[in-house]
Amino acid sequence: MSTVEVAPAVIDLAETTIRELNSRLHAAEDGEGFRVLHPAGRHSVAAGLDSAIDVEIDGHVGYYCAGMSASASLRIHGNAGPGLAENLMSGRVEVTGSASQYAGATAHGGLIAIHGDASSRCGISLKGADVVVQGSIGHMGAFMAQSGRLVVCGDVGEALGDSLYEARLYVRGNVASLGADCIEKELRDEHAAELAELLAAAGFDAEPGDFRRYGSARTLYNFHADRVD
Amino acid sequence: MCGIAGLFAKTRDTEARLGTDLAAMLSELAARGPDSAGVAIYRDPVPEGSVKLSLLHSRGDEPDWARVAADLGHALGGHVALEVRGGSCAIARADAGGAEAEACLRAVAPDISVIATGQAIELMKRAGAPAELIVRSGLSALEGTHALGHTRMATESRVTTEHSHPFSTGPDLCLVHNGSLSNHNRLRASLRREGLTFATDNDSEVAAGYLTWRMAGGATLDEALEGALRDLDGFFTFAVGTRDGFAVLRDPVACKPAVLAETDDWVAMASEYRAIAVLPGAEDAEVWEPVPGRIYSWSHEGEGTTRPDASTRGDLTGVV
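Protein chains in written order, with the UniProt record's numbering: chain A, 1 to 229; chain B, 1 to 320.
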C-alpha cells in the first residue's frame with residue numbers, strides 16, 4: 001500500500017469568514033490538511049477543533065486562536081493575540097512568533113510551543129498541558145496552575161507560580177520574583193529527562209542542566225483554622 | 001473594553017492619508033465599544049499668537065455656525081475662520097490667545113463647549129459607534145502628522161458626547177484611555193486646587209488633567225508619564241498626543257491590551273493587531289507588545305523622528 005500526498009486545502013480569510021473557516025475545520029476528518037491565509041489579527045481562528053487535522057496559518061492571529069481544540073496540530077507563522085490555545089484539550093499548537101497574554105490558560109492537555117516570547121499570565125490555571133517557550137515570559141506566569149509543565153528558556157517576570165498547585169515549572173533565565181507558595185526545588189535526573197523530552201517535543205535546542213525547577217511549597221493547600229482571628 | 005488607536009506619520013505620504021488610515025483603524029475596533037467615539041488629529045498648525053478651538057455643540061438643534069464665527073470674530077475684534085465637522089463639531093481659528101478666545105466664546109455662545117485648544121490639535125467626538133463620527137466629521141479627507149482615536153464601552157461614567165474620548169485638558173495635549181482609574185475623584189479634587197478645570201466626572205479626563213498639570217510644571221511628556229505610573233491607581237493603557245509627538249503607556253499590571261508596530265513610514269498603536277493590519281505595509285512592520293509600566297514615545301521635534309531604540313523596548317514582544 002502506498003501513501004498519497006494530498007495538498008492542503010487553502011482557505012483565504014481575505015475572502016472567507018471565520019465562521020466558514022471554523023465550520024470547514026470542524027467538519028474535517030483525521031489526516032486532512034489546511035492552509036489558512038491572511039488571518040490579519042482576526043479572533044477565534046481555528047478554535048474548537050476536534051479531529052487530528054493539520055492546520056498551517058500564515059500570519060498574525062488575534063484572540064483565542066486554537067481555543068478549546070483537541071487532537072489537531074496547528075502552526076501559526078506569526079504572532080498570536082491574547083488567549084492562545086486557551087483550554088486546549090490535546091494536540092499541538094506552535095507559534096513561530098510571540099504570544100500575548102494568558103497563552104495556554106486552563107489548558108488540559110497537548111503541547112503549546114512558542115518560538116518567541118509570551119506575555120503576562122502565561123499558563124494561568126494550567127490543568128495538564130505543556131507550555132514550552134523559547135523566549136521570555138511576563139508576570140504572573142503559571143498563576144494557580146494545577147497540573148502540567150511550563151518551560152521557559154528565557155527570563156520570567158514577577159510572581160512566577162503564585163498559588164501554584166502541582167504544575168512543574170522549569171526556567172533557564174532569570175526569575176524576577178516567585179509568587180506566594182512557589183519555591184525552587186531540586187532538579188533531579190527524572191526532571192532533566194522530562195525536560196529533555198519537552199524541549200525535544202517543542203523542537204528547541206537547550207541543555208536541561210541549565211534550567212532550574214520550581215514548584216509548590218504546598219502550604220496553601222489546606223485551610224488552617226488557626227489562621228482565623 | 002474600549003478600543004484605542006494611534007498613528008504617527010514618518011513620511012509625507014503617510015501624512016497625506018492619515019485621516020483615511022485612522023478611520024480604518026478605528027472601524028476595526030468598533031466592536032470593542034460602540035457607545036461613543038472620538039478622534040484627535042494634529043494638522044495644519046496655526047502660527048504663534050493664533051489658536052485653534054475645537055468646538056462641540058451636543059444638545060438640541062445644530063447651531064448656526066456662521067453666526068457663531070461672526071459673533072466670536074466681533075468679540076475678538078478680528079476674523080475667525082470656522083470649519084464645520086459634522087454638525088455638532090467645528091474647528092475655529094482665531095488670531096488670539098486660547099484663554100481670550102475661550103472667554104469670548106463663552107460670552108457669545110454659552111451653549112457651545114471648547115473641547116480642545118492649541119495650535120495643531122483638532123478634536124471631534126460623538127455618541128454612537130465610530131462609523132457615524134467618521135462619516136460626519138469627514139475624517140478620511142484630513143491630512144495630518146499624527147492622530148489618536150477611541151471607541152468607548154462605558155464602564156464608570158455616563159454615555160454622552162462630553163464623556164467621549166479623547167480628553168484634552170491643556171494646549172495641544174490629549175489622551176485616550178482603555179481601563180479604569182480608582183483614585184480619580186481624590187486626584188480630581190487635588191488638581192482642581194491646582195487650578196485645573198474638568199468638564200466631566202470621567203476618570204480618563206483626570207488622567208489627561210494630571211499630565212497637563214505635570215507638563216505645565218515643566219515636565220516633559222515622558223516625565224509626566226513617569227509621574228502617572230506613581231500617582232494614578234487603576235488599570236490603563238494610555239495613548240497621549242502632544243503638538244509634536246505621541247506616547248503609549250500601560251500600567252504595571254497590564255490587563256488592558258496594546259500592540260505597537262513600526263515601519264519606515266509610520267508608528268501605530270492599537271488595542272488589537274487587526275486595527276494595524278489595515279495599514280499599508282503592515283505585513284512588513286515590526287510588531288511588539290508594549291511592556292507593562294514602560295513609556296514608549298515618538299516625536300517630530302527637531303531633525304527627523306526620535307523613537308525608543310530596541311534596547312529600551314524590553315524583551316517581551318508579541319501581539320495583543
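Glycine included, C-beta positions come from ideal geometry on N, C-alpha and C.
Can a CB atom of chain B be found closer than 8 Å to the CB of residue i?
i: A:Glu40; result: Here the sequence assigns Ala to residue 40 of chain A, which means Glu is not the residue at that position. Answer yes: the Cβ-Cβ gap between A:Ala40 and chain B drops below 8 Å somewhere.
i: A:Gly67; result: no
i: A:Tyr170; result: no
i: A:Asn22; result: no
i: A:Ser120; result: yes
i: A:Ser100; result: yes
i: A:His60; result: yes
i: A:Gly81; result: yes
Thinking just about the alpha-carbon of each residue, which of the options is nearest to the one in residue i?
i: A:Val175; options: A:His191, A:Glu158, A:Glu166; result: A:Glu158
i: B:Gly217; options: B:Gly241, B:Thr11, B:Leu191, B:Ser204; result: B:Leu191
i: A:Leu13; options: A:Gly31, A:Ala28, A:Glu32, A:Arg42; result: A:Arg42
i: A:Gly217; options: A:Ser136, A:Ser163, A:Asp155, A:Leu25; result: Here the sequence assigns Ala to residue 217 of chain A, which means Gly is not the residue at that position. The shortest Cα separation from A:Ala217 among A:Ser136, A:Ser163, A:Asp155, A:Leu25 belongs to A:Ser163.
i: B:Glu162; options: B:Ile112, B:Ala207, B:Leu211, B:Arg188; result: B:Ile112
i: A:Ala9; options: A:Ile18, A:Glu15, A:Arg24; result: A:Arg24
i: B:Val240; options: B:Gly234, B:Ala254, B:His165, B:Pro257; result: B:His165
i: B:Asp284; options: B:Asp44, B:Glu262, B:Ala207; result: B:Glu262
i: B:Ala120; options: B:Val84, B:Leu76, B:Ser168, B:Asp172; result: B:Asp172
i: B:Ala131; options: B:Thr20, B:Phe246, B:Gly245, B:Asp203; result: B:Thr20
i: B:Phe167; options: B:Ala154, B:Gly138, B:Asp203; result: B:Asp203
i: B:Val84; options: B:Gly138, B:Phe235, B:Glu194; result: B:Gly138
i: B:Ser140; options: B:Lys10, B:Ala16, B:Arg12, B:Tyr273; result: B:Ala16
i: B:Thr11; options: B:Ser58, B:Gly144, B:Gly73; result: B:Gly144
What does DSSP give as the partner residues of residue i in its beta bridges?
i: A:Ser147; result: A:Lys127
i: B:Ser157; result: According to DSSP, which records beta bridges pairwise, B:Ser157 is partnered with nothing at all.
i: A:Met10; result: Checking the displayed sequence, the identity of residue 10 of chain A turns out to be Val instead of Met. A:Val10 is bridged to A:Arg35.
i: A:Val156; result: A:Ile137, A:Val175
i: B:Ile4; result: B:His150
i: B:Ala92; result: B:Leu53, B:Leu82
i: A:Ser120; result: In DSSP, A:Ser120 forms no bridge with anything.
i: residue 239 of chain A; result: With chain A represented from 1 up to 229, any question about residue 239 of chain A goes unanswered, as that position is not in the structure.
Please state whether the Cβ-Cβ distance between residue i and residue j is less than 8 Å.
i: B:Glu223; j: B:Arg214; result: yes
i: B:Leu18; j: B:Ala5; result: no
i: A:Ala85; j: A:Gly59; result: no
i: B:Trp298; j: B:Val259; result: no
i: B:Asp251; j: B:Pro290; result: no
i: A:Ser44; j: A:Asn79; result: no
i: A:Leu126; j: A:Ala113; result: no
i: A:Val132; j: A:Ala202; result: yes
i: A:Ala193; j: A:Arg172; result: no
i: B:Val248; j: B:Phe238; result: yes
Using a Cβ cut-off of 8 Å (strictly closer), state whether residue i contacts chain A.
i: B:Tyr210; result: no
i: B:Arg85; result: no
i: B:Ala5; result: no
i: B:Thr306; result: Caution applies to B:Thr306, whose pLDDT of 46 falls short of 50 and renders its modelled position unreliable; the value that the coordinates give is listed next. Chain A, which has no Cβ nearer than 8 Å to the Cβ of B:Thr306, makes this no.
i: B:Val287; result: yes
i: B:Arg274; result: yes
i: B:Pro280; result: no
i: B:Ala216; result: no
i: B:Pro257; result: yes
i: B:Ala131; result: no
i: B:Ala277; result: yes
i: B:Glu219; result: Sequence check: residue 219 of chain B is Ala here, not Glu. No, B:Ala219 does not count as interfacial toward chain A.
i: B:Ala254; result: yes
Unbroken alpha helix (DSSP H) runs of length 4 or more, entirely within the stretch 183 to 229 of chain B: which are they?
184 to 193, 203 to 216
Please go through the stretch 35 to 98 of chain A and give each complete alpha helix (DSSP H) segment of 4 or more residues, from N-terminal end onward.
none
Any alpha helix (DSSP H) of 4 or more consecutive residues that is wholly inside the stretch 114 to 181 of chain B:
Entirely contained in the stretch 114 to 181 of chain B, the alpha helix (DSSP H) runs reaching 4 residues are, in chain order, 130 to 137.
In the stretch 158 to 223 of chain A, which residue ranges form an unbroken beta strand (DSSP E) of at least 3 residues, counting only runs that do not cross its ends?
168 to 171, 182 to 185, 212 to 216
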